[in-house]
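A short write-up of the structure that comes next.
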């Protein structure tokens with residue numbers, strides 16, 4: 066969505082292509098989630114992050130070599146379609162991951178971080194004054210860190226019983242201090 070005016074082609078056709086790709090990806094993921102028991106929330110996130118990482122990486126390389134053009138339009142469409150799936154899946158995981166007592170706080174924290182990211186991410190493209198490929202390289206770095214942290218710390222939530230209570234004090238991380 067940032068710098069849409071720099072994409073080749075019509076702004077309206079690019080917006081239509083992005084909307085259609087988001088719709089297609091959401092339908093495919095919804096059908097796979099419903100039909101395939103092994104296609105869980107974590108896999109949806111990992112695949113979306115990998116597709117986004119690949120498209121951002123390709124865009125960074127093509128911008129570095131000076132051959133942006135249509136690759137930029139295709140990469141942007143793929144990245145936006147996958148990021149929309151990431152937002153849906155991460156909110157779903159937050160609802161399934163936390164007990165009822167803290168679920169609203171967790172959703173609020175995710176929403177707050179999303180808003181902060183939305184405020185700062187357009188500022189990345191001021192780095193293109195230095196070199197046009199730098200914003201994409203920075204986004205690749207952020208996406209890679211997000212992927213690693215997600216894979217290490219977040220468990221699969223599909224088909225897992227929703228917790229209704231907080232763990233007892235002896236199982237809490239800071240249980241002895243409270």
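Numbering (the numbering used here), first residue to last: 66 to 243. Glycine included, C-beta positions come from ideal geometry on N, C-alpha and C.
| Asked | Found |
| --- | --- |
| Validate contact between the segment 146-160 and the segment 115-131 using beta carbons, cut 8 angstroms, 3 pairs | yes |
| Alpha-carbon spacing of residue 238 relative to residue 109, whole angstroms | 29 angstroms |
| Bounding residues of the alpha helix (DSSP H) (the contiguous stretch that carries residue 93) | 76-100 |
| Proximity of residue 136 and residue 129 at Cβ, strictly below 7 angstroms | no |
| Residue 168 - containing alpha helix (DSSP H), residue span | 165-189 |
| First and last residue of the uninterrupted alpha helix (DSSP H) at residue 193 | Neither: residue 193 is in no alpha helix (DSSP H) and is coded neither H nor E. |
| Selection from 187, 159, 197 and 191 that minimises the alpha carbon distance to residue 221 | 159 |
| Any 3 or more C-beta pairs closer than 8 angstroms across the segment 222-235 and the segment 98-106 | yes |
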